[in-house]
Amino acid sequence: GVVHLADYRAPAWRVEQVELEFDLDISATRVLARLHLRRGAGAAQPLRLDGAGQELHAIRLDGRALEPHEYQLDAQSLTVFAVDDGAVLETEAGLAPDANSALSGLYLSGSAGAGFLLTQCEAEGFRRITWYPDRPDVLARFRVLLRADRQRFPVLLANGNPAGSGELEDGRHWAAWDDPHPKPSYLFALVAGRLEQIEQDYTTADGRAVKLRIFAEADAIDRCGYAMDALVRAMRWDEQRYGRNYDLDVFHIVATHDFNMGAMENKGLNIFNAKYLLADPQRSSDEDYAHVEAIVAHEYFHNWTGNRVTCRDWFQLSLKEGLTVYREQQFSAEMNSATLKRIEDVQVLRRAQFTEDAGPLAHAVRPERYSAIDNFYTATVYDKGAELVRMIAGRLGETAWRRGMDEYFRRHDGEAATVEQFLAALGDANGVDLSAYLAWYAQAGTPQLQARGTYDAAARRYRLDLRQRTAPTPGQARKQALPIPLRVALLGADGRALPLRREAGAAPQDECVVELDAASRCFEFVDIDAPRVASLLRGFSAPVQLSTDQGADDLAFLLRFESDGFNRWEAAQQLARRAFERVLGGAQNVPELDIWCDTLAGLFDDAALDPALLAELLTPPELNELAQPCTPLDPAAVFAARERLEQALAQRLGAALEQRHAALLKTERGGLDGAARGRRRLLNRCLRLWLRQDPAQAQEIAATRYVLAASMSERLAALAGLLADGAESGEKALQDFERRYDNDPVTLDKWFALQATIPRPDTVERVAGLLRHARFSLRNPNRVSALLMGFAARNPLAFHRPDGAGYVLIEQALAEIDSLNPTTAARLATALKDWARLEPGRRALLQAALQRLAAGARSQDLADILRRTLGDS
Ligand code: ARG
Ligand code: ZN
């Protein structure tokens, strides 16, 4: 059924306290739940609890076994008819964790003989464990008792503080857990099995002694040190930047290879996909380290933004996710290079969110309806949501933002809140009205912002005309104007920022923020001397698509002189995009391409330029980004045009590539510090360009680099380069990689992903072969993501092969995954969303595959994605 935001009603029944007793077993687990009930809002109603898949073994109300006519049980719920305020309901359920391939609820990670048991409850997994009002606005105190065989399950964990443990008969033992903070059911977790641990003491700023522990299986425990380090830094940062202290005596993290998502912020017991927790210098790339740092921080920050203040309903998901992603981005920016971090955030936004916003799955940051909430853990809710928080924080300024957040926590600690309440707390604390930003939460689609500048030399005035428009999205035909903050600077002929004044006599500033609060407006700056170029949307001050009347030489000027690092990079991106469009249009002579290459060549030897930034400047937008405005879309033509850009740049840089590569090889690159990472990034970028400029020589070097790599980042870059070239040495290196990492799932996933993304048509056959590889399994989400998501979402050339073989491959896999793991099937299916934009031949093939899939879809999750994708919602 479809759920509507407008239909929200406060819960008819609340749970004051819940006691859970688990008798854990791989194939037959027993769950006793004791719910202390309180009548909630509205007139007396029967007690309706959510439940799915478990068997009911017993049901008692206030100690008395219920007769069959006193309750009703169906596939989604348990209803008890006559319940008094203050009653205690007990149910006993039977579960089969080893049969739970959906990885939602209680399930088995690894093999029955050696694996461990764990839970994933967000959003609606708790109902697969026991009958409960499984909605985020029911907050209860949880007490948990775990019983299990001591040999098989030596470690027994749940949320909150430990509350005793001991021996039982027959080799069994027990552990009790008590969480003093009332929480919704989606934050419940338990873990049981043979796990190793590392431990560190931490004292919070307000004086609480906390044991930090990370648990992993024996072969992974020595790779948890970096995550612990990141955790400690995140805890300190939240104390310093937001005044938020941790609030339990223990904080536990557990790593698993079997997980649908990145990680989960269960109270006091975070559970992580191993690929975002494990890190070591031999096996992890620089990107992996950055992910671990960011996601450890993200889940920890949820303790306040998500757990202490949670969401009233799932429409408010971005209240916790957008806000927490923003906090995570702030943290990562302060731990690393803020400019690079901003570039990466905007890349993610454009690649994942802008494409989502422009297609059939477009939805608002706070949607108005859903039929499968699992399908709304999206780039829009997370990443656009973070951009909205960033705009609001920027609008308030640093001090007011902190004051507003303090007020938000003060008002709503221990509550389930809404986006309106968030905006009200931030605004009230500062005497400003932020309600205009609510429209950003309600409206889907990326605003197109058009900017035009004119200079009146006689009057010494600069006029900026701004105009916004948002295209219709499914279910939202009419769009309104949104408040758009635009950071602006005017650069003079020497590249320096000119003093800006909105009116005569005002104090001048190097940079101004103008807010477009209507469909169009013009802004004037006075007493301006001869501006050379305007720098607009500095730091990407709003999640919009900007178009300007600036020429290629204006962009080249910005690329040379702009002091805002983000906009400097953006100028390079814009230039590359214009060159790309001309090349794609069939132009032989492309002045934009020459200007792009020449300007970058001019910067290439600039010793003052951060190597990591230079590497990014030298990289044109990726294929999916370039493909976005193309209709009808021919992915092979997009690929060829981007190749021409890379070729041209490589030729223009010429021998300088080899020289820079050789010079970088002589530098110290082993460390994890930002400088070493930056040098590695540039080294890898030079190698990739050099492979285009002088394939024979560069391939030989790349083969050596694969063997002698100082880090995984170097090893991966060398291997990917060789594979893209179809070099024989690439195949040999692949075999070596497999031998080295055969027993390490996280690293072996890189091996699958590397092959899935080889930009060659015959990758379809390669992927088909890998589906039959002994180490491949459709049951493991990381494997599916590495091989199939890598192929369908990041390899347009192969996936969109004109004969449709790529579509058939994904279609067949999807049908199978659908019956195992709906969440994973639905996510993979989103890679098919752009079918309608394809040129007619591919379009017909992909549409047919989608229709066949829709006809056979079993899960609600997959059916929902396919229905919306095909546009019959
Ligand atoms: N809350 C988790 C996070 O921090 C993600 C959980 C996603 N769960 C799901 N069923 N989609 O991002
Ligand atoms: Zn989150």
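Here UniProt numbering = 1-based position in the sequence shown + 6. Note that CB positions come from ideal geometry on N, CA and C, so glycine has one too. Remember, predicted model here, so these are calculated numbers, not experimental data.
Quiz prompt | Heavy atom of ligand 2 within 7 angstroms of T829 beta-carbon | solution = Position 823 of the sequence shown, counting from 1, holds the residue named residue 829. No, the beta carbon of T829 sits no closer than 7 angstroms to any heavy atom of ligand 2.
Practice problem: Give the C-beta separation of D319 and T829 to the nearest angstrom, bearing in mind that I take them to be a contact with Cβ-Cβ under 8 angstroms. | Solution: Taking the sequence shown and counting its residues from 1, one reaches residue 319 at position 313. Taking the sequence shown and counting its residues from 1, one reaches residue 829 at position 823. That pair is no contact at about 20 angstroms.
Quiz item: Using CA coordinates, which residue listed in D143, G498, D500 is at the minimum distance from L323?
Solution: To locate residue 323, count along the sequence shown from 1; it is residue 317. Measuring from the Cα of L323, the nearest candidate turns out to be D143.
Practice problem: Could you tell me whether the Cβ atoms of F221 and V260 are closer together than 8 angstroms? | Solution: Here residue 221 is taken as the residue at index 215 of the sequence shown, counted from 1. Here residue 260 is taken as the residue at index 254 of the sequence shown, counted from 1. Their beta carbons are under 8 angstroms apart, which means F221 touches V260 by this criterion.
Quiz prompt | Nearest neighbour of F805, chosen from G69, A832, N788, A837 [CA to CA] | solution = Position 799 of the sequence shown, counted from the first residue, corresponds to residue 805. Among G69, A832, N788, A837, the Cα nearest to that of F805 is on A837.
Exercise. Check whether the segment 109-128 touches the segment 11-23, counting contact only when three or more Cβ pairs, one atom from each stretch, lie closer than 8 angstroms.
Key: no
Quiz item: What residue from A654, R153, P188 has the CA that sits closest to D176's CA?
Solution: As a position in the sequence shown, residue 176 is number 170, starting the count at 1. Ranking the options by Cα distance to D176, first place goes to R153.
Practice problem: Could you pull the start and end residues of the alpha helix (DSSP H) that C603 belongs to? | Solution: Working through the sequence shown from its first residue, we reach residue 603 at position 597. Per DSSP, C603 belongs to the alpha helix (DSSP H) from 597-610.
Quiz item: Within 10 angstroms of its Cβ, does K672 collect 16 or more other Cβ (buried), or is it exposed?
Solution: Indexing the sequence shown from 1 puts residue 672 at position 666. With fewer than 16 neighbouring CB atoms inside 10 Å of its own CB, K672 falls in the exposed class.
Quiz item: Just how far apart, CA to CA, sit L670 and W696?
Solution: The residue labelled residue 670 in the question sits at position 664 within the sequence shown. The residue labelled residue 696 in the question sits at position 690 within the sequence shown. Using only the alpha carbons, I get a separation of about 14 angstroms.
Exercise. Using DSSP bridges, identify the partner residues of L114.
Key: As a working mapping, residue 114 is identified with position 108 in the sequence shown. Bridge partners of L114: L123.
Quiz item: If we count the other Cβ atoms within 10 Å of its Cβ and call it buried at 16 or more, is S171 buried or exposed?
Solution: Within the sequence shown, numbered from 1, the residue matching residue 171 stands at position 165. Exposed is the call here.
Quiz item: Quick one: does the C-beta of E73 sit closer than 7 angstroms to a heavy atom of ligand 2?
Solution: One-based indexing of the sequence shown puts residue 73 at position 67. At a threshold of 7 angstroms, E73 does not count as near ligand 2, since its beta carbon sits no closer than that to any of the ligand's heavy atoms.
Quiz item: Tell me which same chain residues have a C-beta within less than 8 angstroms of the C-beta of V94, skipping the five on either side of it?
Solution: By 1-based counting over the sequence shown, the position of residue 94 is 88. The residues are R40, L41, H42, L43, L67, D68, G69.
Quiz item: What is the residue span of the beta strand (DSSP E) that L497 lies within?
Solution: Residue 497 sits at position 491 when you count from the first residue of the sequence shown. 490-497 is the extent of the beta strand (DSSP E) around L497.
Quiz item: Going along the chain, which residues of its own chain have a beta-carbon closer than 6 angstroms to the beta-carbon of D351, five neighbours each way excluded?
Solution: Counting from 1 along the sequence shown, the entry for residue 351 is found at position 345. Same-chain partners within the cutoff: Q335.
Self-check item: Coarse secondary structure for H779, derived from DSSP in three states
Solution: As a working note, residue 779 is residue 773 in the sequence shown. DSSP places H779 in coil when its eight states are reduced to three.
Quiz item: At a cut of 8 angstroms, does the segment 772-789 reach the segment 252-259 through at least three beta carbon pairs?
Solution: no
Quiz prompt | Closest residue to P549 among L609, L455, F278, S117 (Cα-Cα distance) | solution = Here residue 549 corresponds to residue number 543 of the sequence shown, with the count starting at 1. Answer by Cα proximity: L455.
Quiz item: Taking all protein chains shown into account, do 16 or more other C-beta atoms lie within 10 angstroms of the C-beta of N595, making it buried, or fewer, making it exposed?
Solution: Your numbering for residue 595 matches position 589 in the sequence shown. Looking at its Cβ environment, which holds fewer than 16 other Cβ atoms inside 10 Å, N595 is exposed.
Practice problem: Taking the CB atoms as reference points, tell me whether E521 and P491 lie closer together than 8 angstroms. | Solution: Counted from its first residue, the sequence shown places residue 521 at position 515. Counted from its first residue, the sequence shown places residue 491 at position 485. Yes. Within cutoff.
Exercise. Could you spell out where the beta strand (DSSP E) holding A146 opens and where it closes?
Key: Position 140 of the sequence shown holds residue 146. Residues 146-155.
Quiz item: Considering only the beta carbon of each residue, do R848 and P808 sit closer than 8 angstroms?
Solution: For the purposes of this step, residue 848 is identified with residue 842 of the sequence shown, where counting begins at 1. For the purposes of this step, residue 808 is identified with residue 802 of the sequence shown, where counting begins at 1. Closer than 8 angstroms, so yes.
Quiz item: Quick one, are the C-beta atoms of A339 and R348 less than 8 angstroms apart?
Solution: Here residue 339 is taken as the residue at index 333 of the sequence shown, counted from 1. Here residue 348 is taken as the residue at index 342 of the sequence shown, counted from 1. The answer is yes: Cβ separation under 8 angstroms.
Quiz item: What number of angstroms, rounded off, separates the C-alpha of R229 from the C-alpha of A285?
Solution: The residue you call residue 229 lines up with position 223 of the sequence shown. The residue you call residue 285 lines up with position 279 of the sequence shown. When rounded, the distance between both Cα atoms is 5 angstroms.
Quiz item: Would A392 pass as a contact of G328 if the rule is Cβ separation under 8 angstroms?
Solution: For this step, residue 392 is matched to residue 386 along the sequence shown. For this step, residue 328 is matched to residue 322 along the sequence shown. Against a cut-off of 8 angstroms, the Cβ pair of G328 and A392 comes out as a contact.
Quiz item: Does the Cβ of M411 lie closer than 7 angstroms to at least one heavy atom of ligand 1?
Solution: To locate residue 411, count along the sequence shown from 1; it is residue 405. No, the beta carbon of M411 sits no closer than 7 angstroms to any heavy atom of ligand 1.
Quiz item: With 16 as the cutoff for other CB atoms within 10 Å, does Q657 come out buried or exposed?
Solution: As a working mapping, residue 657 is identified with position 651 in the sequence shown. Exposed is the call here.
Exercise. Compute the beta-carbon to beta-carbon distance between D104 and N786, rounded to the nearest angstrom, for a pair I have assumed lies under 8 angstroms.
Key: Start at 1 with the first residue of the sequence shown, and residue 104 comes out as number 98. Start at 1 with the first residue of the sequence shown, and residue 786 comes out as number 780. Their Cβ separation, rounded to whole angstroms, is 15 angstroms, which puts D104 and N786 out of contact at 8 angstroms.
Practice problem: Round the Cβ separation of V293 and M341 to the nearest angstrom and send it over; I've been treating them as touching at under 8 angstroms. | Solution: On the sequence shown, position 287 is the one that residue 293 refers to. On the sequence shown, position 335 is the one that residue 341 refers to. It should be noted that the sequence gives Glu, not Val, for residue 293. Not a contact, Cβ separation roughly 15 angstroms.
Quiz item: Taking the runs of the beta strand (DSSP E) that are 3 residues or longer, which of them lie wholly in the segment 401-442?
Solution: 421-423
Self-check item: Own chain partners of L26 with C-beta closer than 6 angstroms, once the 5 adjacent residues on each side are dropped
Solution: Looking up residue 26 in the sequence shown gives position 20. Correct list, in chain order: A39, V150.
Exercise. May I ask whether a heavy atom of ligand 2 can be found less than 7 angstroms away from the beta carbon of E25?
Key: One-based indexing of the sequence shown puts residue 25 at position 19. The answer is no for E25.
Quiz item: Sorry if obvious, but does the Cβ on N165 come closer than 7 angstroms to a heavy atom of ligand 1?
Solution: Along the sequence shown, one-based indexing puts residue 165 at 159. No, since every heavy atom of ligand 1 falls outside the 7 angstroms radius drawn around the Cβ of N165.
Self-check item: ligand 2 heavy atom lying under 7 angstroms from the CB of E130
Solution: Locating residue 130 in the sequence shown gives position 124, counting from the first residue. It does not: the Cβ of E130 is nowhere closer than 7 angstroms to a heavy atom of ligand 2.
Self-check item: Straight-line Cα distance separating N788 from N279
Solution: Within the sequence shown, numbered from 1, the residue matching residue 279 stands at position 273. Within the sequence shown, numbered from 1, the residue matching residue 788 stands at position 782. When rounded, the distance between both Cα atoms is 9 angstroms.
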